[in-house]
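Residue numbers (the working numbering): 2 to 80. Notes to accompany the following structure.
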């Protein structure tokens with residue numbers, strides 16, 4: 002899962018989008034192992050809109066995950 006991007010940009014593991022705060026949906030990763038192919042770093046995800054929701058709980062994050070974790074994508078405050 003996830004998309005490999007150019008080496009200078011890395012990739013994103015998730016990109017969730019909800020239409021409103023009332024939408025109860027989310028991406029949930031529970032008891033998962035997140036690893037990569039050794040070809041670069043990836044962020045945990047990017048906020049694809051104002052109401053994004055991703056939950057990663059009780060999971061192993063390998064060294065493929067970029068140190069900053071999340072990226073704001075195009076808007077400050079969406080981290």
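All C-beta atoms in this analysis are idealised placements derived from N, C-alpha and C, irrespective of residue type, glycine included. These numbers come from a predicted model, not from an experiment.
- Under the DSSP assignment, residue 12 falls in the beta strand (DSSP E) whose first and last residues are 12-15.
- Non-local beta-carbon contacts of residue 47 in its own chain, meaning distances under 6 Å to residues more than five positions away in sequence, involve 13, 16, 72 and 74 in chain order.
- Bounds of the beta strand (DSSP E) holding residue 47 are 43-47.
- If the five residues before and after residue 49 are omitted, its C-beta is found closer than 8 Å to the C-beta atoms of 16, 17, 18 and 74, all from its own chain and listed in chain order.
- A direct Cα-Cα distance of roughly 19 Å separates residue 44 from residue 32.
- Residue range 55-58 is occupied by the beta strand (DSSP E) that includes residue 58.
- 54 is the residue among 42, 39, 54 and 40 whose C-alpha sits nearest the C-alpha of residue 20.
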